[in-house]
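See structure below.
2 protein chains.
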Amino acid sequence: MAYTEYYTPTHIYFGRETENLVGKVLKEKGAHKVLVHYGSGSAEKSGLLGKVRASLRENGIEFVELGGVKPNPRLSLARAGIELCRKEGVDFILSVGGGSALDSAKCISYGVPYDGDVWDFYNGKLPEKRVPVGAVLTLSATGSEMSNSSVITNDEITPNDKFGSNTNMGRPVFALLNPELTYSVSPFQTGSGSTDIIMHTLERFFHSGADLDLTDNVAASVIRTVVKYTAVALNNPCDYEARANLMWAGSISHNGLTNMGFESIGDWACHRLEHELSAIYDVAHGAGLSALWGTWARYVKYVDPSRFAKLGKLVFGIEDASADKAAELTIQAFESAFRSFGMPVNIPDLLGRRISVEDCRMLAEKASLKGKKTLGNFRILQTEDMFQIYKGAALL
Amino acid sequence: MAYTEYYTPTHIYFGRETENLVGKVLKEKGAHKVLVHYGSGSAEKSGLLGKVRASLRENGIEFVELGGVKPNPRLSLARAGIELCRKEGVDFILSVGGGSALDSAKCISYGVPYDGDVWDFYNGKLPEKRVPVGAVLTLSATGSEMSNSSVITNDEITPNDKFGSNTNMGRPVFALLNPELTYSVSPFQTGSGSTDIIMHTLERFFHSGADLDLTDNVAASVIRTVVKYTAVALNNPCDYEARANLMWAGSISHNGLTNMGFESIGDWACHRLEHELSAIYDVAHGAGLSALWGTWARYVKYVDPSRFAKLGKLVFGIEDASADKAAELTIQAFESAFRSFGMPVNIPDLLGRRISVEDCRMLAEKASLKGKKTLGNFRILQTEDMFQIYKGAALL
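Residue numbers (my numbering), protein chains in the order written: chain A, 779 to 1174; chain B, 779 to 1174.
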């Protein structure tokens, strides 16, 4: 019996100055003692952390803080967060930042009530309990504010592993989305975030099994919106309309809406292939995705060129009598969009240097767990396929 | 401080045979003793109630039953449900049916833990507690399965009042959406349901204040989908793809997605004007809405013809240099769609007879609570405006 679950319990507050609601909302959601979890100094310098602290104090909510989350958030910091939460009796975790702070917060939230090693949850085990998580979001990218996902890099082993955990326990209780907080996001991070948003939609669009036409149309609306407003935001970083559209696109591209009614939750091969790149080269996730997608798409498009053609028609208005030709035009249009975001469309562009055939082989071996795992379902990829895709993206 | 809340906690299970999950899902959601609430005999005759009972028994869930919900669900039956739940110690209410059974279930859910008169909640009071509600849906129309709304007709007074209650307490805990269960919906009810879905989107599209372009595009996707697949479903009632698209369109047209990021929750004047029609003439809600919308639209379009033009372009591809002309073409295109659904576009068509100017006056007096209430916000309507709209729709 095949069915789609759609479960998006996250209570969203969207609009200007919504970060000031944080104390009130935490109180309503039952928080008494909060871990405020954040990344670099920018949340401090911008005054955002100050506002958050003031709102918490006004509402009589105790809190402790843990900063220092890096992009590709690390297991070691999450472990420190788990210890701190236990010691301090924290009953709610507040992420202040982008997807990295949020993913780290999710990891902590599973670890606090768990007797074993939290890394278990990034190796297939499902958490049964969590400390609830809320978010003040400062970046439109990962969609983690409504998603069931978190991705953690294990920095305790060499080479690093970057694994994900997908569970409804990972859906935040609330998220405060103020597009103004993304005005200061750099052009590169804006482009990388927009790529991530598009990729969350593309990973779902290509899959095995039945679709739902309404969902295809919603997905195309998300992608069209991102293409349109990324250009506006790159031109004027303080354009509210652009930042607002990108922010909501980020949330709905990854909350399940764009695979509603589909027989599978998507292909996700590019995400897995990218995780190896960012685990090893520590690149921005969005940039890693755009460096791979075109090669992946050309490698698999023969499976169903009409699916690519439908996408191209809905997003870019591409019409061609030949599905195969339309599919190629669609892939080119996406590569062109990624380039306009300032993103690489191959690995040398991504890293600023070439990698070797041996590197590609090593990446493919890691991605497939030495041949024990296939990736994707639009086309199922074996280790050799992964190697070919890395090699193609490496221009070898 | 203006912001949009988006809160859709309802856990959706979408696909063929999902009704068979009902016992398992009720158990997971903590139900012990359930009120199974339904409408006419069709749920019995089709075997759906039998399946629901079997699934409940399999999962060791006790239940009592209350059938007899009518379209435009009545307060008197809800009162009987409240008494029954109290007597039997019911801790979960399961609606099996369309929006009427669900709205009646919501009314019962507020009433059980409340000491006062449940009708208070349809006169502006907000419930603080409820018994949780779940749904097996058999009709694509009201969107009540994910919405915060319920509408109840007070049959204890003459003429009847039909009032709504909007509260997050009204959002069901889960809903099982099997499009196959709507195969047996009649052509008239299919057309009326599709009109209701479109109207939930139109009521939000027209409002005062700022919009969000992504939301406009999602709204247009919903409407285009409904126009396309209503034709398919009327032609072949057992077309799964058509029924699936209509079903999901119904849910997202009324869960808040189509006004996300808007400064207001929409206009809603047509809904209020229609409630008077169905309270007094007991007509199908969707049919009442289509009988009024064109007249409302022509009455208010001067406020912002470009908003109508944007809608026409996104939904029907209407292009015209003059916003005013494009607005008129858009209104005509919607009337034409409603007619193609078998729906009336004026009051005589709706009732099969004419009403008098005095009737229109009485309806306007009721809708405005004798001049104490205005309706709408795209254009704020006074009693006299309501009278003009009823008169126009009555072809007087």
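Glycine is no exception: its CB is placed at the ideal position from the N, C-alpha and C atoms.
All figures in this text were calculated on a predicted structure; none of them were measured in a lab.
Annotated as proximal: A:Gln1166 and A:Tyr1077, with beta-carbon spacing under 9 Å. Comparing alpha-carbon positions, the option among B:Glu906, B:Asn956 and B:Lys903 lying closest to B:Gly1028 turns out to be B:Asn956.
In this structure, the straight-line span from the alpha carbon of A:Gly1044 to that of A:Gly877 is close to 21 Å. Under the 9 Å criterion on CB atoms, A:Ser1068 is classed as non-interfacial with respect to chain B.
The beta carbon of A:Ile975 lies closer than 6 Å to those of Val1004, Ala1027, Gly1028 and Ser1031 in the same chain, with the five residues before and after it left out. Under DSSP, A:Ser918 takes part in no beta bridge, so it has no partner. The segment 877-952 of chain B is shown to contain whole beta strand (DSSP E) runs of 3 or more residues at 911-915, 927-932 and 939-944, in chain order. Around A:Leu827, the same chain offers Ala821 as residues with beta carbons nearer than 6 Å, after the five sequence neighbours per side are excluded.
Excluding five sequence positions before and after A:Gly1120, the CB atoms of its chain that fall closer than 8 Å to its own CB belong to Pro965, Phe966, Gly969 and Leu1012, given in chain order. In this structure, the straight-line span from the alpha carbon of B:Glu1052 to that of B:Thr931 is close to 13 Å. Listed along chain A, the residues sitting closer than 9 Å to B:Met779 by beta-carbon distance are Gly793, Arg794, Glu795, Thr796, Asn798 and Leu799. At a cut-off of 9 Å between C-beta atoms, A:Tyr1007 counts as an interface residue with respect to chain B.
The C-beta of B:Asn995 comes closer than 9 Å to at least one C-beta of chain A.
Listed in chain order, the non-local C-beta contacts of A:Ala1171 below 7 Å within the same chain comprise Ala1069, Leu1070, Thr1073, Asn1124 and Ile1125, local neighbours out to five positions each way being set aside. If you check each beta-carbon in the segment 1028-1061 of chain B against every beta-carbon of chain A, the ones closer than 7 Å belong to Met1038 and Gly1039. Using a CB distance cut-off of 9 Å, B:Leu992 counts as an interface residue toward chain A.
Secondary structure of A:Phe1112 (DSSP, three-state): helix. Around the CB of A:Ile935, fewer than 16 other CB atoms lie within 10 Å, so the residue is classed as exposed. Beta-carbon to beta-carbon, A:Leu813 and A:Leu872 are separated by about 7 Å, close enough to satisfy the 8 Å threshold.
Less than 9 Å separates the beta-carbon of A:Ser824 from that of A:Leu959.
Nearest Cα to A:Asp991 within the set B:Glu806, B:Tyr1018, B:Phe984 and B:Leu980: B:Tyr1018. Under the DSSP assignment, A:Glu843 falls in the beta strand (DSSP E) whose first and last residues are Glu840 to Leu844. Residues of chain B whose Cβ lies closer than 8 Å to the Cβ of A:Arg1002 are, in chain order, Asn995. Between the C-alpha atoms of A:Val911 and B:Met779 there is a straight-line separation of about 24 Å.
A:Val914 sits close to A:Leu954, with the two beta carbons spaced by under 9 Å.
The beta carbon of A:Ile1133 sits closer than 7 Å to those of Ile1125 and Ala1172, all from its chain and outside the five residues before and after it, given in chain order. With respect to chain A, the C-beta atom of B:Ile790 has a partner C-beta closer than 9 Å.
In chain order, Gly889 and Val896 place their CB closer than 8 Å to the CB of A:Arg857, counting only its own chain and leaving out the 5 sequence neighbours on each side.
Around B:Tyr900, the same chain offers Ile930, Phe941 and Ser943 as residues with beta carbons nearer than 6 Å, after the five sequence neighbours per side are excluded. Put simply, the segment 784-794 of chain A touches the segment 789-803 of chain B. At least three CB pairs are less than 8 Å apart. Exclusion of the five residues before and after A:Leu1055 leaves Val1061, Gly1066, Ala1069, Leu1070, Ile1125, Leu1128 and Leu1141 as the residues of its chain whose Cβ lies within less than 8 Å of its Cβ. Taking C-beta atoms under 8 Å as the contact rule, B:Lys805 and B:Asn837 qualify, at a distance of about 5 Å.
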